[in-house]
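Read in order, the letters of the sequence shown are residues 2 to 211 in my numbering.
Below is one structure, written out as structure tokens; comments come after it.
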Amino acid sequence: MSANTSEQTLFLLKMRGPQTAQQLAALLDITSMGARRQLEAAQDKGLVAHADVADKVGRPSRRWQLTPAGHARFPDRHADLALELITQVKALFGDEGLDKLIGARERSSELAYGRLVDPQLALAQRVDSLARARDGEGYMAHAEPQDDGSVLLVENHCPMCAAATVCQNFCRSELAIFQRVLGEDCTVERSEYLLEGGRRCVYRIMPIGT
Numbered sequence: 002m003s004a005n006t007s008e009q010t011l012f013l014l015k016m017r018g019p020q021t022a023q024q025l026a027a028l029l030d031i032t033s034m035g036a037r038r039q040l041e042a043a044q045d046k047g048l049v050a051h052a053d054v055a056d057k058v059g060r061p062s063r064r065w066q067l068t069p070a071g072h073a074r075f076p077d078r079h080a081d082l083a084l085e086l087i088t089q090v091k092a093l094f095g096d097e098g099l100d101k102l103i104g105a106r107e108r109s110s111e112l113a114y115g116r117l118v119d120p121q122l123a124l125a126q127r128v129d130s131l132a133r134a135r136d137g138e139g140y141m142a143h144a145e146p147q148d149d150g151s152v153l154l155v156e157n158h159c160p161m162c163a164a165a166t167v168c169q170n171f172c173r174s175e176l177a178i179f180q181r182v183l184g185e186d187c188t189v190e191r192s193e194y195l196l197e198g199g200r201r202c203v204y205r206i207m208p209i210g211t
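Given below as structure tokens:
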């Protein structure tokens with residue numbers, strides 16, 4: 002198998018979560034044996050691990066997922082530099098200075114997203130525009146319209162995870178930004194959270210009155 006197939010395997014596990022070898026084989030258009038070889042090679046490198054999950058019928062199925070080392074293969078937007086800057090700002094200017102830094106970033110992000118999200122569009126289109134902006138920043142984001150009229154903003158990767166781990170105000174700031182950018186006719190709630198053990202961050206955007 003090519004190195005490209007190996008990277009595609011990791012990418013699919015990142016985007017879709019735990020998968021069986023058969024599921025990955027179908028997505029990669031290779032044989033199940035080929036998929037298992039890719040997974041076993043990645044396991045030898047410490048990038049993936051598996052768990053046997055009992056299905057309703059039949060024997061348990063083996064689900065493969067990324068390990069912390071596997072997740073680390075994806076870009077982190079210079080996490081070490083971000084952590085160093087946060088530490089220095091807090092040491093020099095205290096919590097108040099850090100809050101001012103987060104506020105400045107919040108205003109800058111809101112302005113940038115506001116240029117891309119047309120408030121006249123339907124909610125699903127607004128969320129899609131926001132997801133495209135976030136995807137361009139490395140969040141591996143996309144929008145998923147739901148049958149109940151809500152829309153999920155799904156972020157499969159957090160390039161600011163290291164910074165958010167030491168200062169969760171970054172995450173609270175983003176939630177407020179999304180609410181203001183998407184408008185007053187909807188509510189924004191976080192339904193999955195990477196820092197609380199989730200595989201990804203997911204925001205549920207619900208039209209008001211539904």
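Cβ coordinates follow ideal geometry from the N, Cα and C atoms, glycine included.
Here the structure is a predicted model, which is why all the values come from computation and not from measurement.
- Only residues of its own chain outside the window of five on either side were considered, and among them E111, Y114, G115, V118, L131 have a CB closer than 7 Å to the CB of V182, listed in chain order.
- Distance from the CA atom of A177 to the CA atom of R135, rounded to whole angstroms, is 15 Å.
- Taking C-beta atoms as the reference points, R74 and L48 count as a pair closer than 8 Å.
- For D53, the uninterrupted beta strand (DSSP E) segment begins and ends at 49-54.
- One thing to note: Q66 has its Cβ within 8 Å of the Cβ of L14.
- Non-local beta-carbon contacts of H143 in its own chain, meaning distances under 6 Å to residues more than five positions away in sequence, involve A132, V155 in chain order.
- With respect to L11, A43 sits close: the two C-beta atoms are nearer than 8 Å.
- Sorting P61, E85, R200, N5 by C-alpha distance to the C-alpha of N157 places R200 at the top.
- Taken atom to atom, the span from the alpha-carbon of G18 to that of H51 is near 12 Å.
- Between R108 and S151, the C-beta spacing is not below 8 Å.
- For V118, no alpha helix (DSSP H) segment is defined, and its DSSP state is neither H nor E.
- In the three-state reduction of the DSSP assignment, A73 falls in the coil class, being assigned neither a helical nor a strand state.
- Residue burial annotation: D30 is exposed, with fewer than 16 other C-beta atoms found within 10 angstroms of its C-beta.
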